[in-house]
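Chains as they are written, first to last, in our numbering: chain A, 1 to 260; chain B, 1001 to 1260.
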């Protein structure tokens, strides 16, 4: 069985560092495919072009709104190193660049050294009802995930808490297991934390950075996101994603804009 | 009077998006110019090429160790927009790319919208003795700054606390006032928080991202840095820089490696 995430991020190598893909409307919010999904496609291009095993750190700057349909990736291998490689990836639709990514890759299985983590996953009651698996208003993408969330939490958000933070568990609704390529999407699939401030609406991301820290175990992932500095309509949102064993899989930070 | 930071990051426009500069050994750690300083030079190139007023977000991937001496910047304006522009900047020495940056710029003075910050600067006792202004061991760059630090804190770090965090105040030793172009350097000028774990030595940065949130007021800046997830020798380090009025100027996150 092919899962929807893999369909939406699979690429055809058309040579000279160019790859072609197609994203369907089922990943859209108000008609715009999710940025984390497009980051997954860019990761696949960088992995293919460098032959590396894992992404380590990735930044994507979103330049113009993408739309469902075909896209081209133009991958420039900036450095092909023994331990680390770096690629620049342009995602293009209709001759217009939609996003530019800078990605450093390597092999997490060969890293060694001290391990000290201060990041513990928040407790999530496993008895909480599973929600999701259905579109919510203009958020078609909400159908792609299931959530376990311990507090008032919805894309529509009738009862904002006033605190710009969200945490809970997430998994793909079609049973696909998490991996590093899907980690940006899993982090970006939570509603913006600023919805808790009644700032509900289209919150375009200028830039999102993800550190990839461990290959996830199967099962539910736990995410915790927080916006700590909202200034003149621009906000940073930080996220951490843990796997089902409590290991930190990825850390994200984005700079985005409140709805106009 | 020309300040040393401006000398080290000033550029000559040689046309076709290329700029030339030169960095002296006075910004080095073990003979390698500081990454935050090189980010300042890349920012100047992006500001010049786009005509934008402020950087908003910047990511730099460090590809190979730079050395004191001349460098070239190759600036590619990826997007020249009405509100936001994006540039890719390659820093090259001796025909080898040392770093690649992706920078989105705009005009902070035109942004408007809600403001909510959860980030308060840590208390720093203004009676603490000012230290710095002198090289420390192989850290020649330490001569460029003055610090006010409330706890055991030094580049040599004889008394590591065991907690990977550092906070204190910083300013340029030659009286230069802070601005956004120097913010990456001011954040990167604190010793790595992992020195508190007795992991003292060369800690190369793979990638550093900085969000630029407000133009700083003159005077001391306060910085707080923390490494929350150290795994198999790779660590994230997050930093916040406030100006003398307590406003968040910049937020940084880097992915770096413990000394081998």
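Yeah, the Cβ is synthetic: ideal placement off N, Cα and C, and Gly gets one too.
Closer than 8 Å, CB to CB, is residue 251/A near chain B or not?
yes
Per DSSP, which one or two residues make a beta bridge with residue 146/A?
132/A and 171/A
Give a yes or no on contact between the region 89-96 of chain A and the region 1211-1224 of chain B, applying the rule of three or more CB pairs nearer than 8 Å.
no
Local conformation of residue 1022/B per DSSP, three classes
strand
Residues of the region 98-119 of chain A with a CB closer than 7 Å to any CB of chain B: list them in chain order, please.
100, 102, 104, 111, 112, 113, 114, 115, 116, 117, 118 and 119
Measuring CB to CB, does residue 201/A end up less than 8 Å from residue 223/A?
no
8 Å CB neighbourhood of residue 1011/B in its chain, flanking five on each side removed
1019, 1020, 1021, 1041, 1044, 1045, 1048 and 1073
By the 7 Å beta-carbon criterion, what residues does the region 10-26 of chain A contribute toward chain B?
none
Nearest to residue 1227/B by CA position, among 1077/B, 1115/B, 1165/B and 1069/B, is which residue?
1165/B
CA-CA distance, residue 1245/B and residue 1079/B?
34 Å
In angstroms, rounded to a whole number, what distance separates the CA positions of residue 1091/B and residue 1071/B?
7 Å
Which chain B residues are close to residue 228/A, counting only those with a beta carbon under 8 Å from its beta carbon?
1117, 1118 and 1119
Chain-ordered chain B contacts of residue 214/A [CB-CB under 8 Å]
1231
Between residue 67/A and residue 31/A, which are expected to be in contact by the criterion C-beta below 8 Å, what is the C-beta distance as a whole number of angstroms?
7 Å
So is residue 211/A in contact with chain B if we call contact Cβ pairs under 8 Å?
yes
Could you list the residues in the region 54-78 of chain A with a C-beta less than 8 Å from some C-beta on chain B, going in chain order?
56, 57, 59, 61, 63, 64 and 78
Quick one: using the 10 Å Cβ neighbour count with 16 as the cut-off for buried, is residue 129/A buried or exposed?
exposed
Sort 1058/B, 1258/B, 1023/B and 1241/B by Cα distance to residue 1167/B and report the nearest one.
1241/B
If the cut is a Cβ gap below 7 Å, which residues of chain B does residue 181/A touch?
Those within 7 Å of residue 181/A in chain B number zero; the least Cβ separation is about 18 Å.
From residue 1087/B to residue 1102/B, what distance separates their C-alpha atoms?
6 Å
With 16 as the cutoff for other CB atoms within 10 Å, does residue 1142/B come out buried or exposed?
buried
Whose CA, out of 1050/B, 1117/B, 1183/B and 1017/B, lies closest to the CA of residue 1006/B?
1183/B
List, in order along the chain, the chain A residues whose C-beta lies closer than 9 Å to that of residue 1043/B?
Those within 9 Å of residue 1043/B in chain A number zero; the least Cβ separation is about 15 Å.
Is there a Cβ from chain A that is less than 8 Å from the Cβ of residue 1038/B?
no
Residue ranges of each beta strand (DSSP E) run of no fewer than 3 residues wholly in the region 1046-1130 of chain B, ordered along the chain?
1054-1062, 1069-1080, 1085-1093 and 1096-1106
Would you kindly check if the distance between the Cβ of residue 1258/B and the Cβ of residue 1144/B is under 8 Å?
no
For residue 173/A, collect the residues of the same chain with a Cβ closer than 6 Å to its Cβ; drop the 5 residues on either side in sequence, then sort them by chain order.
133, 144, 145 and 146
Taking the beta carbon of residue 169/A as the centre, do at least 16 other beta carbons fall within 10 Å, making it buried, or is it exposed?
buried
Of all the CB atoms in chain A, is at least one closer than 8 Å to the CB of residue 1086/B?
yes
Reference residue 230/A, options 1212/B, 1136/B and 1148/B, closest by Cα:
1212/B
Please go through the same chain and pick out, in chain order, the residues whose beta-carbon is closer than 8 Å to the beta-carbon of residue 69/A, but skip the five residues on each side of it.
22, 23 and 93
Determine whether the beta carbon atoms of residue 1057/B and residue 255/A lie at a separation below 8 Å.
yes
Same chain only: Cβ atoms within 7 Å of residue 1050/B, ignoring 5 sequence neighbours per side
1077, 1080, 1085, 1087 and 1105
To the nearest angstrom, report how far apart residue 285/A and residue 35/A are at their CA atoms.
Outside the modelled stretch of chain A, which goes from 1 to 260, sits residue 285/A, for which no answer is possible.
Bridge partners - residue 1229/B, DSSP secondary structure assignment:
117/A and 1236/B
Residue 139/A CB to nearest chain B CB: under 8 Å?
no
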